[in-house]
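For reference, the structure discussed in these notes is given below.
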Amino acid sequence: MTAEEILKKYRDIAVVGISDKPDRASYQVSKYLMENGYNIIPVNPVLEDWEGKKVYKDVKSIEGNVDVVDIFRKPEFVEEIVKDAKGKARVIWMQEGIVNEDAKKLAMDMGMEVVMDKCMKKEHQKLNK
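Take the sequence shown: its position 81, counting from 1, is numbered 494 in our numbering, and each next residue is one higher.
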């Protein structure tokens, strides 16, 4: 499935590494997606609240399932996030600048789609041109 197809099909997005600082990419992308009808599920172990939403400490602690786990963490942390997403998510999305081939293989072996090194906001903007 392409990035565009994922954005058209899925709406529930867990954002791992979300920031409450408006100048950070994770904040900007998440806010943009929320304003465009996506359900953002914030994940950050040091935040309690993001834009009025409860923040989960990790993917495992999210109640229920999500469509996409959008990752804003260094590549060396991605494999652990993928393991936490097993059985919870359909797609692992590694944001622009994040490349981890081992995590990609792991996610695919667990039956998840993978998008790597792409900005979700930029991909969504392409859909609306």
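A virtual CB, placed ideally from N, CA and C, is assigned to each residue, including glycine.
Every value quoted in this text rests on a predicted model; they were computed, and no experiment measured them.
Which ranges would you report for the beta strand (DSSP E) in the segment 465 to 528 if only whole runs of at least 3 residues count?
481 to 484 and 504 to 507
Notebook entry, point to check: Since D483 and I426 are thought to touch, with beta carbons under 8 Å apart, how far apart are those beta carbons, to the nearest angstrom?
Noted result: Counting from 1 along the sequence shown, the entry for residue 483 is found at position 70. Counting from 1 along the sequence shown, the entry for residue 426 is found at position 13. Indeed they touch by this definition, with Cβ atoms about 5 Å apart.
Item to complete: State the beta-bridge partners of A427 as determined by DSSP.
Response: Position 14 of the sequence shown, counted from the start, is the residue given in the question as residue 427. DSSP lists I454 and V482 as partners of A427.
Margin query: Less than 8 Å between the beta carbons of V456 and I419, yes or no?
Written below: As a first step, residue 456 must be located in the sequence shown, where it is residue number 43. As a first step, residue 419 must be located in the sequence shown, where it is residue number 6. No. Outside cutoff.
### Message
For S439, count the other beta carbons within 10 Å of its own beta carbon; 16 or more makes it buried, fewer makes it exposed. Which is it?
### Response
Looking up residue 439 in the sequence shown gives position 26. With 16 or more other Cβ atoms within 10 Å, it is buried.
Whole angstroms are fine: how far does the CA of M507 sit from the CA of V459? Taking the sequence shown and counting its residues from 1, the one referred to as residue 459 is at position 46. Taking the sequence shown and counting its residues from 1, the one referred to as residue 507 is at position 94. Going by the C-alpha atoms only, they are around 21 Å apart.
Using only CA atoms, which one of D436, M414, G465 and G524 lies nearest to K501? Position 88 of the sequence shown, counted from the first residue, corresponds to residue 501. Of the candidates D436, M414, G465 and G524, the one whose C-alpha sits nearest the C-alpha of K501 is G524.
Taking Cβ to Cβ, would you say V472 is nearer than 8 Å to Y423?
Counting from 1 along the sequence shown, the entry for residue 472 is found at position 59. Counting from 1 along the sequence shown, the entry for residue 423 is found at position 10. No. Outside cutoff.
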